[in-house]
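Number of protein chains: 2
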Amino acid sequence: MQGSRIVGEVRVVGAGLLGASVGLGLRAVGVDVIVSDASPSNLSLAIDYGAGRAALDTDNPTLVVVAVPPDVTASVIAAELAAWPDALVTDVASVKVAPLAGLRALGADVSRYIGSHPLAGRERGGAISARGDLFIGRPWVITTHDTIPAAQVGIIEDLALDLGAVPVLMTAEQHDAGVALVSHVPQVISSLLAKRLNGATESAVGLAGQGLRDTTRIASSDPELWVQILGANSSSVVDILREYRDDLDAVVGILESPAVPGARRALAELLAGGNTGVSRIPGKHGLDRRFSQIVVMVNDTPGELARLLAEVGEIGVNLEDLRLEHSPGVQIGLAEISVLPEVEVGLVAELEARGWRIAEAAR
Amino acid sequence: MQGSRIVGEVRVVGAGLLGASVGLGLRAVGVDVIVSDASPSNLSLAIDYGAGRAALDTDNPTLVVVAVPPDVTASVIAAELAAWPDALVTDVASVKVAPLAGLRALGADVSRYIGSHPLAGRERGGAISARGDLFIGRPWVITTHDTIPAAQVGIIEDLALDLGAVPVLMTAEQHDAGVALVSHVPQVISSLLAKRLNGATESAVGLAGQGLRDTTRIASSDPELWVQILGANSSSVVDILREYRDDLDAVVGILESPAVPGARRALAELLAGGNTGVSRIPGKHGLDRRFSQIVVMVNDTPGELARLLAEVGEIGVNLEDLRLEHSPGVQIGLAEISVLPEVEVGLVAELEARGWRIAEAAR
Chain L
1 MQGSRIVGEV
11 RVVGAGLLGA
21 SVGLGLRAVG
31 VDVIVSDASP
41 SNLSLAIDYG
51 AGRAALDTDN
61 PTLVVVAVPP
71 DVTASVIAAE
81 LAAWPDALVT
91 DVASVKVAPL
101 AGLRALGADV
111 SRYIGSHPLA
121 GRERGGAISA
131 RGDLFIGRPW
141 VITTHDTIPA
151 AQVGIIEDLA
161 LDLGAVPVLM
171 TAEQHDAGVA
181 LVSHVPQVIS
191 SLLAKRLNGA
201 TESAVGLAGQ
211 GLRDTTRIAS
221 SDPELWVQIL
231 GANSSSVVDI
241 LREYRDDLDA
251 VVGILESPAV
261 PGARRALAEL
271 LAGGNTGVSR
281 IPGKHGLDRR
291 FSQIVVMVND
301 TPGELARLLA
311 EVGEIGVNLE
321 DLRLEHSPGV
331 QIGLAEISVL
341 PEVEVGLVAE
351 LEARGWRIAE
361 AAR
Chain F
364 MQGSRIVGEV
374 RVVGAGLLGA
384 SVGLGLRAVG
394 VDVIVSDASP
404 SNLSLAIDYG
414 AGRAALDTDN
424 PTLVVVAVPP
434 DVTASVIAAE
444 LAAWPDALVT
454 DVASVKVAPL
464 AGLRALGADV
474 SRYIGSHPLA
484 GRERGGAISA
494 RGDLFIGRPW
504 VITTHDTIPA
514 AQVGIIEDLA
524 LDLGAVPVLM
534 TAEQHDAGVA
544 LVSHVPQVIS
554 SLLAKRLNGA
564 TESAVGLAGQ
574 GLRDTTRIAS
584 SDPELWVQIL
594 GANSSSVVDI
604 LREYRDDLDA
614 VVGILESPAV
624 PGARRALAEL
634 LAGGNTGVSR
644 IPGKHGLDRR
654 FSQIVVMVND
664 TPGELARLLA
674 EVGEIGVNLE
684 DLRLEHSPGV
694 QIGLAEISVL
704 PEVEVGLVAE
714 LEARGWRIAE
724 AAR
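Sequence lines, in order, name chains L and F.
Quick note on numbering: this note's numbering labels position 233 of the first sequence as 233, and the sequence is numbered without any gaps.
Quick note on numbering: this note's numbering labels position 257 of the second sequence as 620, and the sequence is numbered without any gaps.
(1) Could you pull the start and end residues of the beta strand (DSSP E) that residue 91 of chain L belongs to?
(2) Could you run through the stretch 191–205 of chain L and flag, in chain order, every residue whose CB is less than 8 Å away from some CB of chain F?
(3) Tell me the residue span of the beta strand (DSSP E) that contains residue 480 of chain F.
(4) Have a look at residue 477 of chain F and residue 205 of chain L and give me their C-alpha separation to the nearest angstrom.
(5) Which of the three DSSP states, helix, strand or coil, is assigned to residue 503 of chain F?
(6) Could you please give the first and the last residue of the uninterrupted beta strand (DSSP E) stretch that includes residue 657 of chain F?
(7) Can you tell me where the beta strand (DSSP E) with residue 11 of chain L in it begins and where it stops?
(8) Look at residue 471 of chain F and residue 503 of chain F and say whether their C-beta atoms are less than 8 Å apart.
(9) Going by the beta-carbon positions, is the gap between residue 51 of chain L and residue 15 of chain L smaller than 8 Å?
(10) In three-state DSSP terms, what is residue 530 of chain F?
(11) Counting C-beta neighbours from all protein chains within 10 Å, is the total for residue 162 of chain L 16 or more, i.e. buried, or is it exposed?
(12) Suppose the cutoff is 6 Å on Cβ atoms and the five residues either side in sequence are ignored; what does the same chain contact list for residue 386 of chain F look like?
(13) For residue 49 of chain L, would you say it is in contact with chain F, using Cβ-to-Cβ distances shorter than 8 Å as the test?
(14) From residue 58 of chain L to residue 307 of chain L, what distance separates their C-alpha atoms?
(15) Report the residue from L:61, L:228, L:274 whose alpha carbon sits nearest the alpha carbon of residue 94 of chain L.
(16) How far does the alpha helix (DSSP H) with residue 491 of chain F in it reach, from first residue to last?
(17) Return yes when the Cβ of residue 549 of chain F is within less than 8 Å of the Cβ of residue 215 of chain L, no when it is not.
(18) Hey, which unbroken runs of the alpha helix (DSSP H) at 4 residues or more fall wholly within the stretch 598–644 of chain F?
(19) Compute the Euclidean distance between the alpha carbons of residue 219 of chain L and residue 612 of chain F, then round it to the nearest angstrom.
(20) What is the DSSP secondary structure of residue 369 of chain F, reduced to helix, strand or coil?
(21) At a Cβ cut of 9 Å, what residues of the stretch 499–518 of chain F count as close to chain L, listed as they run along the chain?
(22) Using a C-beta cutoff of 8 Å, does residue 458 of chain F count as contacting chain L?
(23) Once the 5 residues before and after residue 603 of chain F are set aside, which same chain residues still bring their CB inside 7 Å of it?
(24) Suppose the cutoff is 6 Å on Cβ atoms and the five residues either side in sequence are ignored; what does the same chain contact list for residue 685 of chain F look like?
(25) In whole angstroms, what is the alpha-carbon distance linking residue 303 of chain L and residue 267 of chain L?
(26) By alpha-carbon positions, which one of L:117, L:80, L:74, L:134 ends up nearest to residue 105 of chain L?
(27) So which residues on chain F does residue 226 of chain L lean against when the C-beta distance must stay under 7 Å?
(28) Below 7 Å CB to CB, which residues in the same chain sit around residue 247 of chain L once its five sequence neighbours on both sides are set aside?
(29) Starting from residue 186 of chain L, find everything on chain F with Cβ-Cβ shorter than 8 Å and list it in chain order.
(30) Enumerate in chain order the residues of its own chain whose CB-to-CB distance from residue 349 of chain L is below 6 Å, with the five nearest sequence positions on each side excluded.
(31) Which ranges would you report for the alpha helix (DSSP H) in the stretch 169–242 of chain L if only whole runs of at least 4 residues count?
(32) Residue range of the alpha helix (DSSP H) that residue 384 of chain F falls in?
(33) Can you pull the chain F residues whose beta carbon is under 7 Å from the beta carbon of residue 243 of chain L, in chain order?
(34) State yes or no: is the beta carbon of residue 177 of chain L nearer than 8 Å to at least one beta carbon in chain F?
(35) DSSP on residue 685 of chain F, reduced to helix/strand/coil?
(36) Using the beta-carbon of each residue, which ones in chain F are nearer than 7 Å to residue 223 of chain L?
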């Protein structure tokens, strides 16, 4: 057991996926974790899973981590600030402006509150899904504000580091605008796209390919949780949705009169804006580099994909990304392998020499 | 070499990815393929790659396959119908109403034309990317119309079957409405979402997760090709985009006044519409069943993922889907394995017994 950076007891309020995972992760580095939940059965479950111990009259936490739904985050933080006058309090909610504003409206002592947001895990699932290693390698946003002593920020950085996460400092406004763009708006856009499928014929949805699957995957998220998130970050989200709607209006106008001079150029420029936008998303290791894709045909039998990847490993090539594409109605799969561009030609030659059928490689 | 269903010479016009792949696939089953392209260098390349032979004065094709960009599809079909009065002509363009309407406007003999559309391959890349097995297991839509003898349809079915594809009959209108929904509208929606990233700060895009990557992946598609596709299917696409915009307007209105009574319920219902929509997309084997997902942590070294999949194979479990998730900044990967629900619990236990760290499994 390695030692922790955090000193003293940590109290975790809310024993869902995130709270229980914080508890498990901190206990793994030797921290005394007190776990609390409004539901006695949730609490028992989290304690059974090893996320921490029940509260005692002698508790004296140095840090409180609030991990409850967005709607009740501010009121729970306020209650914890009042209950533990010597403790620093943080939360892990996925919005950061609203809790701070809520605390100020409640007259809470925000000089002992620092918001944070680990970008980890699915936003669903209870203690039963919790893992102590949930945060490893993930960004852990820490939102500072005027009335907090800078030294306190180091305690939240220690929390993130104890859990294997990467601390990232930004203001609450920067955080909320950022997650609106990279998470909240994509959720709305994807859900509304998937909603269009409700009236479709069977033969139409039968034509679905990987593009539709990718764009609608997050549309299966929990509406109740997302109503809370979107409501708590409504102004950042709506700013971006209005800009999105302006572009959508432009596309609708162009496609209503596609033969008008200039229409095609305007449409091409809108689509090209998507090209440059998507190139800004950082790659696997935080680099904005493009990989080469090779598509290999694999039979849909146990071990066949493993054999392919074992041979890729034998060839000495590291996979940067991998995804399976599906062929509807047949027992065959297409494995799309992303590799560094400089190894692509050699890998294709080696794989073909070993009898693999390459369905697609660089042009 | 197995025999072909197609009888006689097949002439392929346009030696890009699709045309050259048709040529390679037909030659593999023994068909005499004539390949033609407006560009002499493209034509030489396709012949070098084995996609067919050059035209001769003695040619007498029974079938012509037109595989040229959407903008010129109708005029090229008309020219082929005129040049080969005994041949049946088809095309592989990704829109089907516009070419037929264009032919009728040109006064062409549409009693010898049947449109088709293989849903295969990326919509880019030339003969150099062509593969004879590109169409294996993919849907091959055949669009019939009033003035075509039913017996002729069988010849296009033979073409699809010779190439390993699955023939699907529908009208041109059904096809265009279907691909508007599952392919053309998602392209617009994804491109416009990715376009929002152009003005973002580095710290904001640094928060990007798998959800953003999935929803914007197709935004890297070629704008010039998509301008042609969207222009040729504008009325079907714009019908769906208008409905999409109505929903988007509703979300904007809700988020402008999120505290209004009924706002949260209305937002939850819109998001729930996405849940039901996404559930309509058929799964890997044409079934609408949901798989269980298990997320396993793998070190980012050659062969590590292969070892995992080899062990999954040893356990006797077949992967239904697999994707890698990335942790920004660290050398670790998360492999999300989709399996039949009934094998999940056993697989998790077996993998953990073998020392794998399971980051997430069913709740």
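Glycine included, each C-beta is placed from N, C-alpha and C at the ideal position.
So, from the listed chains and residues:
(1) In the first sequence, counting from the first residue as 1, residue 91 of chain L sits at position 91. 88–91 is the extent of the beta strand (DSSP E) around residue 91 of chain L.
(2) 191, 192, 193, 194, 195, 196, 197, 198, 200, 201, 203, 204, 205
(3) Walking along the second sequence from the start, residue 480 of chain F turns up at place 117. Per DSSP, residue 480 of chain F belongs to the beta strand (DSSP E) from 478–481.
(4) Working through the second sequence from its first residue, we reach residue 477 of chain F at position 114. Working through the first sequence from its first residue, we reach residue 205 of chain L at position 205. Answer to the nearest angstrom: the Cα atoms are 23 Å apart.
(5) Sequence index remark: in the second sequence, residue 503 of chain F carries index 140 (1-based). It is a strand residue.
(6) Stepping through the second sequence from its first residue, residue 657 of chain F is reached at position 294. That run of the beta strand (DSSP E) goes 655–662.
(7) Here residue 11 of chain L refers to the residue found at position 11 when the first sequence is read from its first residue. It spans 10–13 - the beta strand (DSSP E) in which residue 11 of chain L sits, taken as one unbroken run.
(8) Residue 471 of chain F sits at position 108 when you count from the first residue of the second sequence. Residue 503 of chain F sits at position 140 when you count from the first residue of the second sequence. Not a contact, by the Cβ cut-off of 8 Å.
(9) On the first sequence, residue 51 of chain L is found 51 positions in, with the first residue counted as 1. On the first sequence, residue 15 of chain L is found 15 positions in, with the first residue counted as 1. The answer is yes: Cβ separation under 8 Å.
(10) To locate residue 530 of chain F, count along the second sequence from 1; it is residue 167. Three-state DSSP puts residue 530 of chain F in a strand.
(11) Looking up residue 162 of chain L in the first sequence gives position 162. Residue 162 of chain L should be labelled buried.
(12) Residue mapping note: residue 386 of chain F aligns to position 23 of the second sequence, counting from 1. So the list reads 375, 396, 398, 414, 415, once near-sequence residues are dropped.
(13) As a first step, residue 49 of chain L is located in the first sequence; it is residue number 49 there, counting from the start. No - not a single Cβ of chain F is within 8 Å of the one on residue 49 of chain L.
(14) Translated into the one-based positions of the first sequence, residue 58 of chain L becomes position 58. Translated into the one-based positions of the first sequence, residue 307 of chain L becomes position 307. Looking at the two C-alpha atoms, the distance is approximately 57 Å.
(15) Start at 1 with the first residue of the first sequence, and residue 94 of chain L comes out as number 94. Answer by Cα proximity: L:228.
(16) By one-based count along the second sequence, residue 491 of chain F stands at place 128. Taken as a continuous stretch (DSSP letters only), residue 491 of chain F belongs to no alpha helix (DSSP H), as it is neither H nor E.
(17) By one-based count along the first sequence, residue 215 of chain L stands at place 215. By one-based count along the second sequence, residue 549 of chain F stands at place 186. Contact: yes.
(18) 626–641
(19) Locating residue 219 of chain L in the first sequence gives position 219, where the first residue counts as 1. Locating residue 612 of chain F in the second sequence gives position 249, where the first residue counts as 1. Distance between the alpha carbons of residue 219 of chain L and residue 612 of chain F is about 18 Å.
(20) Along the second sequence, one-based indexing puts residue 369 of chain F at 6. In the structure shown, residue 369 of chain F sits in coil (DSSP, three-state: anything other than H, G, I, E or B).
(21) 499, 500, 501, 502, 504
(22) Numbered from its first residue, the second sequence carries residue 458 of chain F at position 95. With 8 Å as the cut-off, residue 458 of chain F does not count as an interface residue toward chain L.
(23) In the second sequence, the residue the question calls residue 603 of chain F occupies position 240. So the list reads 543, 544, 548, once near-sequence residues are dropped.
(24) Position 322 of the second sequence, counted from the first residue, corresponds to residue 685 of chain F. For residue 685 of chain F, where only same-chain residues beyond five positions count, the Cβ hits under 6 Å are 700.
(25) Here the question's residue 303 of chain L lines up with position 303 in the first sequence. Here the question's residue 267 of chain L lines up with position 267 in the first sequence. Going from the Cα of residue 303 of chain L to the Cα of residue 267 of chain L covers about 45 Å.
(26) If you number the first sequence from 1, residue 105 of chain L lands on position 105. For the residues L:117, L:80, L:74, L:134, the minimum Cα distance to residue 105 of chain L belongs to L:74.
(27) Looking up residue 226 of chain L in the first sequence gives position 226. The contacting residues are 634.
(28) For the purposes of this step, residue 247 of chain L is identified with residue 247 of the first sequence, where counting begins at 1. Contacts found: 270.
(29) Looking up residue 186 of chain L in the first sequence gives position 186. Chain F residues near residue 186 of chain L: 556, 574, 575, 578, 579.
(30) Counting from one through the first sequence, the residue named residue 349 of chain L turns up at place 349. Excluding residues within five positions, none has a Cβ falling inside 6 Å.
(31) 172–179, 185–195, 202–205, 210–216, 223–232
(32) Start at 1 with the first residue of the second sequence, and residue 384 of chain F comes out as number 21. Start and end: 380–391.
(33) Counting from 1 along the first sequence, the entry for residue 243 of chain L is found at position 243. Result: 559.
(34) In the first sequence, counting from the first residue as 1, residue 177 of chain L sits at position 177. Taking Cβ atoms only, chain F reaches closer than 8 Å to residue 177 of chain L, which makes this a yes.
(35) Within the second sequence, numbered from 1, the residue matching residue 685 of chain F stands at position 322. If DSSP states are grouped into helix, strand and coil, residue 685 of chain F belongs with the strands.
(36) Looking up residue 223 of chain L in the first sequence gives position 223. Here the neighbours are 631, 634, 635, 638.
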